[in-house]
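A short worksheet on the structure shown next.
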Amino acid sequence: MADGPLTSLFLNLRYKNVGDQECQSLADGLGNLVHLTSLSMPLTSLFLVLMDNNVGAEGCRSLGDGLSKLVQLTCLALALEKNNVGDQGCRSLGDGLSKLVQLTRLALALERNNVGDQGCRSLGDGLSKLVQLTSLSVDLRDNNVGPEGCRSLRDGLSKLLQLTSLSLDFWGNTIGPEGCQAMGDGLSKLLQLTRLSVNLGYSSVGDQGCQSLGDGLSKLLQLTSLSLNLNSNNVGAEGCHSLGDGLSKLVQLTSLSLNLVYNGNVGDQACRPLGDELSKLVQLTSLELRLR
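Here the numbering used here is used: the first residue of the sequence shown is 8, the next is one more, and so on.
Listed below in structure tokens is the structure:
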């Protein structure tokens, strides 16, 4: 072990049968790190993997309390996929995260945790305080998130004006056109973004949702890399045209990945105008286009 203070910590506890009681012990240990690191060299990076365990609302309350004490953190990755977090757990996590105002990089993975709209509200409130963030990744796959949840997250994300890199994964939720409108509105405020990844597969987007996304994306003129997954969303010719129109404004793009597979209404009538619009992106060096 190297001499000197602890500034970075990685804990992988996947498949370790971690429950609420174990989270209490873990949180106590994290809180004690404040006293074990020096003031000149505090803990600044924490990577905590707790996926595939039995963490519930009480465990999240403990984790939130423990994390809130690590106020010098600048980088945090918290993986809680496939637990039992729920909306109450999200409230505790949001409260804890809101205290970490020095964060510049945050990755939060909550796939399959029954987060719901109320949980998104708590997460949005917490994220809105982290105005120093430049890089953010949020994974909310398969969490019963609807339009109201998207609006709550929009309100939080729209405050993060320093973001240059953003990844949002909403695969398998019921976002719908209204949720896409909220997402498009929120994204349009993040004018410093250079890298963006959005996964909305199986999210009931439709043509109207594509129009909202296209409108929002068209404002992000600094983007150089964009990945957009809209597979299995009942997108047709009108939606493709709206997307193409929005994407054609992103003239700084060098990398584009667009997935529209399993949209039965994407035919020749949709592909032609989409291709015409994409041909305007003359800076592209990497293009992945999946239509069938």
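C-beta: ideal position from N, C-alpha, C; glycine also.
Remember, it's a predicted structure, so these values are computed and weren't measured experimentally.
Own chain partners of residue i with C-beta closer than 7 Å, once the 5 adjacent residues on each side are dropped
i: residue 136; result: 105 and 108
i: residue 299; result: 268
i: residue 31; result: 69
i: residue 34; result: 69, 70, 72 and 73
i: residue 222; result: 191 and 253
i: residue 215; result: 184
i: residue 127; result: 152, 156, 159 and 160
Beta-carbon proximity list for residue i, same chain, < 8 Å, skipping 5 on both sides
i: residue 178; result: 148, 149, 206, 207, 208, 209, 210 and 236
i: residue 91; result: 61, 62, 63, 64, 120 and 121
i: residue 273; result: 242, 243, 244, 247, 267, 298 and 299
Beta-carbon proximity check, residue i vs residue j, cutoff 8 Å
i: residue 253; j: residue 225; result: yes
i: residue 168; j: residue 145; result: no
i: residue 156; j: residue 192; result: no
i: residue 120; j: residue 83; result: no
i: residue 129; j: residue 98; result: yes
i: residue 230; j: residue 199; result: no
i: residue 246; j: residue 271; result: no
i: residue 113; j: residue 77; result: no
i: residue 250; j: residue 227; result: no
i: residue 220; j: residue 263; result: no
i: residue 81; j: residue 117; result: no
i: residue 173; j: residue 203; result: yes
i: residue 201; j: residue 232; result: yes
Buried versus exposed, by CB contacts within 10 Å (16 or more), residue i
i: residue 287; result: exposed
i: residue 188; result: buried
i: residue 140; result: buried
i: residue 39; result: exposed
i: residue 294; result: exposed
i: residue 23; result: exposed
i: residue 218; result: buried
i: residue 180; result: buried
i: residue 240; result: buried
i: residue 194; result: buried
i: residue 283; result: exposed
i: residue 36; result: exposed
i: residue 296; result: exposed
i: residue 152; result: buried
i: residue 18; result: exposed
i: residue 25; result: buried
i: residue 56; result: buried
i: residue 9; result: In this predicted model, residue 9 has a pLDDT of only 48, less than 50, meaning its place in the structure is not dependable enough to derive any value.
Cβ shell of residue i (< 6 Å), same chain only, five flanking positions each side left out
i: residue 2; result: Residue 2 lies beyond the residue range present for the chain, which begins at 8 and ends at 299; the question has no answer from this structure.
i: residue 59; result: 21, 22 and 89
i: residue 330; result: Because the chain is modelled from 8 through 299, residue 330 falls outside the range shown and cannot be assessed.
i: residue 16; result: 53
i: residue 93; result: 64 and 121
i: residue 131; result: 159, 160, 162 and 163
i: residue 100; result: 67 and 71
i: residue 255; result: 284 and 287
i: residue 4; result: As displayed, the chain neither begins before 8 nor continues past 299, which places residue 4 out of reach and without an answer.
i: residue 96; result: 64 and 67
i: residue 154; result: 183, 185 and 186
i: residue 238; result: 208, 266, 268 and 269
i: residue 103; result: 71, 74 and 75
CB contact check: residue i to chain C, cutoff 8 Å
i: residue 240; result: Annotation note: the requested chain C is absent from the structure, which comprises a single protein chain.
**Inside the stretch 86-135 only - beta strand (DSSP E) runs reaching at least 3 residues** = Assignment of beta strand (DSSP E) within the stretch 86-135, counting only whole runs of 3 or more residues, yields 112-116 in chain order.
**Request:** Please go through the stretch 136-189 and give each complete alpha helix (DSSP H) segment of 4 or more residues, from N-terminal end onward.
**Result:** Listed in chain order, they are 154-164.
**Request:** List in chain order: all unbroken alpha helix (DSSP H) runs of 4+ residues lying wholly within the stretch 46-84.
**Result:** Entirely contained in the stretch 46-84, the alpha helix (DSSP H) runs reaching 4 residues are, in chain order, 64-75.
**Message:** My parser needs the beta strand (DSSP E) runs of 3 or more residues fully inside the stretch 243-278; what are they?
**Reply:** 262-266, all fully within the stretch 243-278.
**Message:** Which complete beta strand (DSSP E) runs does the stretch 210-241 hold, if anything under 3 residues is left out?
**Reply:** Those beta strand (DSSP E) runs which fall completely within the stretch 210-241 and span 3+ residues are 232-236.
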